[in-house]
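Straight run, no breaks: the sequence shown in my numbering ends on number 425.
Note that CB positions come from ideal geometry on N, CA and C, so glycine has one too.
Remember, it's a predicted structure, so these values are computed and weren't measured experimentally.
First comes the structure, then the notes that go with it.
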Amino acid sequence: MHTEISISPSKKMRIDILTLLPQLIESPFSFSIMQRAQKKGIVEVHMHNLRDYASNKHKTVDDSPYGGEAGMVMMIEPIAKCIDKLKSERDYDEIIYMTPEGEKLNQKISNTLSVKENLLILCGHYKGVDQRVRDLYITKEISIGDYVLSGGELGAAVLCDSIIRLIPGVLNDETSALSDSFQDGLLAPPIYTRPSEFKGLKVPEILLSGNPVKIDQWKHEQAIMNTKKRRPDLLND
Ligand code: ADE
189 MHTEISISPS
199 KKMRIDILTL
209 LPQLIESPFS
219 FSIMQRAQKK
229 GIVEVHMHNL
239 RDYASNKHKT
249 VDDSPYGGEA
259 GMVMMIEPIA
269 KCIDKLKSER
279 DYDEIIYMTP
289 EGEKLNQKIS
299 NTLSVKENLL
309 ILCGHYKGVD
319 QRVRDLYITK
329 EISIGDYVLS
339 GGELGAAVLC
349 DSIIRLIPGV
359 LNDETSALSD
369 SFQDGLLAPP
379 IYTRPSEFKG
389 LKVPEILLSG
399 NPVKIDQWKH
409 EQAIMNTKKR
419 RPDLLND
């Protein structure tokens, strides 16, 4: 009989996301694991439209840069107003700015963030935010890779997905996050399901053997081989 391990989370995580385009980021939170985590009451996600914090009647949130460069810069006032309000309500473990200039996201960063209680994530747009936002408020800058996106929203969704799936109780089978690629510094071994043979390609005999010790050993060897072949840099780390 399959017994489900249920681990009740000690505290709820709260994530506040500050963006000019809440619609762009809502959908990833409305499906699959991220939706389930919210329905289970393990995570609370709040979107804040920075335009609601603009002070003039035109709801201006951006302006041209000092020094005459092309493009627009996100102004400090609406961002400061929103962050100050949220900070007055609770303490944040990290105030994160999504930017290609940040630390490159990896499993270690996601693991560290998955045990936090309150996270605030600021998504940039246009040329980015006024430097003083970074100087005054930001405690961590994260990039999801060495390429430039049109804004921080997709990066924030990637970051949240990688964090949320790690929180105890989010995945039904607790071992399934533990066996993710990278979780033990290795890529995952190959996986198979029925049929046991397709177009002459057979599932490795060992997986049909019913011997859990041998299967685990095989999976570990395969994970090492996979990592050596595709990502030898992970073994050096
Ligand atoms: N915003 C624009 N590009 C980005 C990237 N690569 N990572 C995170 N945020 C970004």
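Problem - Buried versus exposed call for Ile267 [16 or more other C-beta atoms within 10 Å across all chains shown] - result: Looking up residue 267 in the sequence shown gives position 79. Buried, by the Cβ-count rule.
Handout entry: Close Cβ partners of Arg418 (< 7 angstroms) along its chain, the five nearest in sequence each way excluded
Key = In the sequence shown, the residue the question calls residue 418 occupies position 230. If we look at Arg418 and ignore the five residues flanking it on each side, its Cβ neighbours are Leu375.
Exercise for the section: Jot down the residue ranges of each uninterrupted beta strand (DSSP E) in the segment 229-284, minimum 3 residues, whole runs only, in chain order. Expected result: 231-237
Problem - Beta-carbon gap between Leu324 and Tyr280 smaller than 7 angstroms - result: In the sequence shown, counting from the first residue as 1, residue 324 sits at position 136. In the sequence shown, counting from the first residue as 1, residue 280 sits at position 92. For Leu324 and Tyr280, no; Cβs fall outside 7 angstroms.
Handout entry: Gly316 to Arg353 span [Cα, whole Å]
Key = Residue 316 sits at position 128 when you count from the first residue of the sequence shown. Residue 353 sits at position 165 when you count from the first residue of the sequence shown. Each residue's alpha carbon lies about 29 angstroms from the other.
Practice task
Could you spell out the range, first to last residue, of the beta strand (DSSP E) harbouring Glu393?
Solution key: Locating residue 393 in the sequence shown gives position 205, where the first residue counts as 1. No beta strand (DSSP E) contains Glu393, which DSSP labels as neither H nor E.
Problem - Buried versus exposed, by CB contacts within 10 Å (16 or more), Phe219 - result: Walking along the sequence shown from the start, residue 219 turns up at place 31. Classification for Phe219: exposed.
Practice task
Check whether the Cβ atoms of Glu341 and Thr207 lie closer than 7 angstroms to each other.
Solution key: Sequence index remark: in the sequence shown, residue 341 carries index 153 (1-based). Sequence index remark: in the sequence shown, residue 207 carries index 19 (1-based). Yes. Within cutoff.
Exercise for the section: Name the two residues that bound the continuous beta strand (DSSP E) containing Ser331. Expected result: Working through the sequence shown from its first residue, we reach residue 331 at position 143. Its beta strand (DSSP E) spans residues Lys328 to Ser331.
Exercise for the section: Go through its chain and collect everything with a Cβ distance to Phe370's Cβ below 7 angstroms, but skip five positions before and after it. Expected result: Here residue 370 corresponds to residue number 182 of the sequence shown, with the count starting at 1. Answer for Phe370: Gln295, listed in chain order.
Practice task
Say yes only if the C-beta of Leu396 is nearer than 6 angstroms to one or more non-hydrogen atoms of the ligand ADE, and no if none qualify.
Solution key: Here residue 396 corresponds to residue number 208 of the sequence shown, with the count starting at 1. It does not: the Cβ of Leu396 is nowhere closer than 6 angstroms to a heavy atom of the ligand ADE.
Exercise for the section: Count the other CB atoms, across all protein chains shown, that sit within 10 Å of the CB of Val401; report buried if there are 16 or more and exposed otherwise. Expected result: Stepping through the sequence shown from its first residue, residue 401 is reached at position 213. Label assigned to Val401: exposed.
Problem - Contact check, Ile230 vs Tyr285, beta carbons under 7 angstroms - result: As a first step, residue 230 is located in the sequence shown; it is residue number 42 there, counting from the start. As a first step, residue 285 is located in the sequence shown; it is residue number 97 there, counting from the start. Their beta carbons are not under 7 angstroms apart, which means Ile230 does not touch Tyr285 by this criterion.
Handout entry: Cβ-Cβ distance between Val303 and Ile264 below 7 angstroms
Key = Walking along the sequence shown from the start, residue 303 turns up at place 115. Walking along the sequence shown from the start, residue 264 turns up at place 76. Not a contact, by the Cβ cut-off of 7 angstroms.
Problem - Distance CB(Ala365)-CB(Ile213) smaller than 7 angstroms - result: In the sequence shown, residue 365 corresponds to position 177, counting from 1. In the sequence shown, residue 213 corresponds to position 25, counting from 1. Against a cut-off of 7 angstroms, the Cβ pair of Ile213 and Ala365 comes out as no contact.
Exercise for the section: State yes or no: is the C-beta of Thr287 nearer than 6 angstroms to some heavy atom of the ligand ADE? Expected result: Position 99 of the sequence shown, counted from the start, is the residue given in the question as residue 287. Because some heavy atom of the ligand ADE lies under 6 angstroms away, the Cβ of Thr287 counts as near it: yes.
Exercise for the section: Specify the secondary structure class of Pro210 as computed by DSSP and reduced to three states. Expected result: On the sequence shown, position 22 is the one that residue 210 refers to. Of the three classes helix, strand and coil, the one that applies to Pro210 here is helix, per DSSP.
Exercise for the section: Please report the residue range of the beta strand (DSSP E) in which Asn306 lies. Expected result: By one-based count along the sequence shown, residue 306 stands at place 118. Run containing Asn306: Asn306 to Cys311, per the beta strand (DSSP E) assignment.
Handout entry: Between the CA atoms of Met260 and Ile271 - distance to the nearest angstrom
Key = By 1-based counting over the sequence shown, the position of residue 271 is 83. By 1-based counting over the sequence shown, the position of residue 260 is 72. Each residue's Cα considered, the two are about 21 angstroms apart.
Problem - Pro420 burial status per 10 Å Cβ neighbour count (16 or more: buried) - result: Against the sequence shown, residue 420 aligns to sequence position 232. That one is exposed.
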